[in-house]
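Peer 1: Next up is a structure, given as structure tokens.
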Amino acid sequence: MLNADDDLIARSRKGEEEAFEALVSRYQRQVYTVAYRFMGNHDDASDLAQEAFIRAFYSMKSFRGDSSFKTWIHQIVANVCRDELRKRQRQQTVSLDEPYLTEDGPMARQASGWDLSPEQLYEEKEGSEHLQKLIDELPPEYRMVLVMREIQDMSYEEIASQLDCSLGTVKSRLSRARKILRDKISNVELFSRESRQIK
Amino acid sequence: MTCLEVQELLSPYLDEVLDADELHIVEKHIAHCSICRAELASLEQTVRAIRALVEIEPPPDFSMKLRQRLVNPGNTSKKAFYKSIGRWSWMPLGAAAALVMIMVLSWNAFSNPATYMQPGSEENANLQADAAFRTQDRDVAPSDNTGGMGGGLSATDAPDSIKAATETDAAPVAGERSGDNTGTVRETSAAPSTQGESKKAPTVDQDQSSPGNEYFSLSVPDKNQTQQSGQPAMGINTEANLAKSTVVTLVVADRDLARQQLKLTSQRFNGLYSYKDEKVFLDVPRENFEEALASLENIGETTQSEITSIDLSGQIKEAQVALEQLNEKLNAKGLTRAELDRLRGEIETWEMLLNNLNSRVSWSRIEITLQSKN
Chain U
17 MLNADDDLIA RSRKGEEEAF EALVSRYQRQ VYTVAYRFMG NHDDASDLAQ
67 EAFIRAFYSM KSFRGDSSFK TWIHQIVANV CRDELRKRQR QQTVSLDEPY
117 LTEDGPMARQ ASGWDLSPEQ LYEEKEGSEH LQKLIDELPP EYRMVLVMRE
167 IQDMSYEEIA SQLDCSLGTV KSRLSRARKI LRDKISNVEL FSRESRQIK
Chain A
12 MTCLEVQELL SPYLDEVLDA DELHIVEKHI AHCSICRAEL ASLEQTVRAI
62 RALVEIEPPP DFSMKLRQRL VNPGNTSKKA FYKSIGRWSW MPLGAAAALV
112 MIMVLSWNAF SNPATYMQPG SEENANLQAD AAFRTQDRDV APSDNTGGMG
162 GGLSATDAPD SIKAATETDA APVAGERSGD NTGTVRETSA APSTQGESKK
212 APTVDQDQSS PGNEYFSLSV PDKNQTQQSG QPAMGINTEA NLAKSTVVTL
262 VVADRDLARQ QLKLTSQRFN GLYSYKDEKV FLDVPRENFE EALASLENIG
312 ETTQSEITSI DLSGQIKEAQ VALEQLNEKL NAKGLTRAEL DRLRGEIETW
362 EMLLNNLNSR VSWSRIEITL QSKN
């Protein structure tokens, strides 16, 4: 696959539309999925996945081939989504859609709690939609770390580089994101969980 | 190491990024601690569930639209709200004048200490100030720029803005696509109102009728609209569109215990718990508001000030009418691209406003100040 990518990249650099379109065709599903996991809706996913390919096309000349095209395009789409989420955070309005600050960190203003177990989640027909909804409810900084790790399979170091933060921050955000999701999924009764944790 | 400390290491343990000492501690602990084993198992299941999410097929027109954007970078298929409102300069003169008026009024509201601040985060004050109609620099050319249509694709044809953006892709820089130029709008209900309690048919203040005004802040109790609990709402068709909230002082023996009980209360009523300093906020679906409020008596002695009900019927109706009219205009023949953009931008603005109004009606807030008995 890499050799085929190299050929397509070389031809894309020369401005061959067909070569770039072949690259798009090869990776659009992955890129679109990543954008969708970040943004949680098809309109944004489509817009930002296209944006990622546009950036890739116009910066093809600067692609040195140190990493694979797959890694590179994954970094670009993560950057595009990261920027969009941060921009929206800055522009975020005080509305009922805004996350709360709770003792467990910011949480979405939406009633949580549903009865599917993690196993049921991916067995149920609509489980993936529910899970995506729960991911969407995460605060953006948590969501970004989670998607980069679980969907894009980035290392802690890669995530830290992408988000320009420390490894410790990646570690703690990922841990919090997973726990929040776990709690939302299992709808664990608060007191019993807290009493379990205290020892 | 306590269970709590070990549980902080379980997520990195799953990713196999613990150092040797931490790894040893965790494995030794979970070997004999069933609680932490269960915690680990539940986290692992969660991770498995996320990773099991399948890839999604892009829409059929994905490649076609990408090609269009490559040929003509300004031709985006989707205009998000924040993008479309960047076209505010094309708004009708009257609307622009109204915006200026709102901004002036908003400035007055800033200096009024009674202005409501959304609890939950200190940043919210800044967010409120930052919110409102924004313009922004686009990475790509304006949407009505048709230059380059039909031209061949080449990396050297990239607009400078895109070239600049792509240079930083490999080395992420926060705010790469920033460049926002924000206006400011705040709700001004803290200002004296001319509406009396006897007013039967609610009307919308001029400054509240604009999308920019309502969209960006939560309810500001207007004293003239405040009603005591149990009283019928004023005006027509109001009950369905009342945004309710209340402020309660709760005298308790143990404030920490009370917070835990309030968390449970929020869960019980499908609501949300948050806090800021000494205040606790319960946001519950409106239909659970009264019951949730009554249940506070089980936690401590309550001193309830009053229930505030703000009638949003007029504003909701106005938004609905505006949307209907705009959608009718959208269907008219012979619209230019600029006109279409402007209409879509206005529609998105009104839709956001309407959603916000509906959210305010759907959720009721109970603001609780905890006081110790001693």
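If you read the protein sequences in the order shown, they are chains U and A. Just so you know, the working numbering puts 134 at position 118 of the first sequence, and the rest follows in order with no gaps. Just so you know, the working numbering puts 310 at position 299 of the second sequence, and the rest follows in order with no gaps. All C-beta atoms in this analysis are idealised placements derived from N, C-alpha and C, irrespective of residue type, glycine included.
Could you tell me whether the Cβ of A/R80 comes closer than 7 Å to any Cβ of chain U?
Peer 2: Taking Cβ atoms only, chain U reaches closer than 7 Å to A/R80, which makes this a yes.
Peer 1: DSSP three-state label for A/A333, please.
Peer 2: In this structure, A/A333 counts as helix in the three-state DSSP scheme.
Peer 1: Do three or more CB pairs link the region 313-326 of chain A to the region 249-260 of chain A at distances below 8 Å?
Peer 2: Counting Cβ pairs under 8 Å, three or more are found: they touch.
Peer 1: May I ask you to report which of helix, strand or coil DSSP gives A/I321?
Peer 2: A/I321 falls in the strand class under three-state DSSP.
Peer 1: Between A/V37 and A/V17, which are expected to be in contact by the criterion C-beta below 8 Å, what is the C-beta distance as a whole number of angstroms?
Peer 2: That pair is a contact at about 6 Å.
Peer 1: Does U/H90 pass the burial test, meaning 16 or more other C-beta atoms within 10 Å, or should it be called exposed?
Peer 2: Buried, because 16 or more other Cβ atoms sit within 10 Å of the Cβ of U/H90.
Peer 1: What separation, rounded to the nearest whole angstrom, lies between the Cα atoms of U/F69 and A/E329?
Peer 2: Their Cα atoms are separated by approximately 41 Å.
Peer 1: Applying a beta-carbon distance threshold of less than 8 Å, which residues of chain A neighbour U/K187?
Peer 2: Simply S22, P23, V28.
Peer 1: Tell me, please, whether the CB atom of A/R62 is closer than 7 Å to any CB atom in chain U?
Peer 2: Yes, A/R62 counts as interfacial toward chain U.
Peer 1: For A/E66, decide whether its Cβ has a neighbour in chain U, counting only Cβ atoms nearer than 7 Å.
Peer 2: Yes, A/E66 lies at the interface with chain U (some Cβ there is under 7 Å from its Cβ).
Peer 1: For a quick check, are the C-beta atoms of A/P71 and U/Q44 less than 7 Å apart?
Peer 2: Not in contact: A/P71 and U/Q44 (Cβ atoms no closer than 7 Å).
Peer 1: Is the Cβ-Cβ distance between A/E33 and A/L21 less than 7 Å?
Peer 2: Result no, Cβ atoms of A/E33 and A/L21 do not sit closer than 7 Å.
Peer 1: Using the DSSP secondary-structure output, state which residues sit across from U/Q66 in a beta bridge.
Peer 2: Beta-bridge pairing links U/Q66 to no other residue.
Peer 1: If you measure between the beta carbons of U/F85 and U/D152, is that distance less than 7 Å?
Peer 2: Not closer than 7 Å, so no.
Peer 1: Hey, U/L183 and U/A193 are a contact pair by Cβ (cut 8 Å); roughly how many whole angstroms apart?
Peer 2: So it is not a contact: roughly 15 Å between Cβ atoms.
Peer 1: Note down, in chain order, every chain U residue with its Cβ under 8 Å from the Cβ of A/P70.
Peer 2: Ordered by position in chain U, the residues that pass the 8 Å Cβ test against A/P70 are H58, S62.
Peer 1: For U/F69, would you say it is in contact with chain A, using Cβ-to-Cβ distances shorter than 7 Å as the test?
Peer 2: By this cut-off, U/F69 is an interface position.
Peer 1: Just to check my reading of the structure: U/Q178 and U/R98 have Cβ atoms closer than 8 Å, yes? What is that Cβ distance to the nearest angstrom?
Peer 2: About 7 Å; that satisfies the 8 Å criterion.
Peer 1: Can you give the beta carbon distance from A/A254 to A/I321, rounded, assuming they're within the 8 Å contact cut?
Peer 2: Right, their Cβ atoms sit about 5 Å apart.
Peer 1: Can you tell which of U/M55, U/S144, U/R29, U/T185 has the C-alpha that lies nearest to the C-alpha of U/A80?
Peer 2: Looking at the sequence shown, residue 80 of chain U is not Ala but Arg. For U/R80, the nearest C-alpha among the options comes from U/R29.
Peer 1: If the cut is a Cβ gap below 8 Å, which residues of chain A does U/V161 touch?
Peer 2: Correct list: empty, because the minimum Cβ distance to chain A is about 11 Å.
Peer 1: Can you list the residues of chain U that A/V58 reaches, using a CB-CB cut of under 7 Å?
Peer 2: Within 7 Å Cβ-Cβ: E166, R194.
Peer 1: Checking the sheet assignment: what are the DSSP bridge partners for A/S256?
Peer 2: A/T319, A/R376.
Peer 1: Express the C-alpha separation of A/D294 and A/S373 in angstroms, rounding to a whole number.
Peer 2: Straight-line Cα distance between these residues: approximately 10 Å.
Peer 1: Give the DSSP-derived three-state secondary structure of U/A87 in the structure shown.
Peer 2: Checking the displayed sequence, the identity of residue 87 of chain U turns out to be Thr instead of Ala. Looking at U/T87 - three-state DSSP - the assignment turns out to be helix.
Peer 1: Is any beta-carbon of chain A found at less than 7 Å from that of U/S191?
Peer 2: It does; some Cβ of chain A falls within 7 Å.
Peer 1: For the structure I just gave you, are there three or more beta carbon pairs, one from the region 61-76 of chain U and one from the region 153-165 of chain U, closer than 8 Å?
Peer 2: Not touching, per the Cβ criterion.
Peer 1: Can you have a look at U/A51 and say buried or exposed, based on whether 16 or more other CB atoms are within 10 angstroms of its CB?
Peer 2: Counting Cβ neighbours within 10 Å, U/A51 comes out buried, since at least 16 surround it.
Peer 1: Please state the DSSP three-state secondary structure of A/A212.
Peer 2: Summary for A/A212: the model assigns pLDDT 30, below 50, so the residue's position carries little reliability, and this model does not support an answer.
Peer 1: What does U/I201 touch in chain A if you count any residue whose Cβ is under 9 Å from its own?
Peer 2: Ordered by position in chain A, the residues that pass the 9 Å Cβ test against U/I201 are S53, Q56, T57, A60.
Peer 1: Suppose the cutoff is 7 Å on Cβ atoms and the five residues either side in sequence are ignored; what does the same chain contact list for A/Q272 look like?
Peer 2: Taken in chain order, the residues that qualify are I310.
Peer 1: Rounded to whole angstroms, what's the CA-CA distance from A/G325 to U/G31? Just pull it up for me.
Peer 2: About 56 Å.
Peer 1: Buried or exposed: which applies to A/H35, given that a residue is buried once 16 or more other Cβ atoms fall within 10 Å of its Cβ?
Peer 2: Per the 10 Å Cβ criterion, exposed.
Peer 1: Name the chain U residues that come within less than 7 Å of A/L77, Cβ to Cβ?
Peer 2: Those are V40, Q66, F69, listed as they occur along chain U.
Peer 1: If you draw a straight line from the C-alpha of A/A251 to the C-alpha of A/D267, how long is it?
Peer 2: Between A/A251 and A/D267, the C-alpha separation is close to 36 Å.
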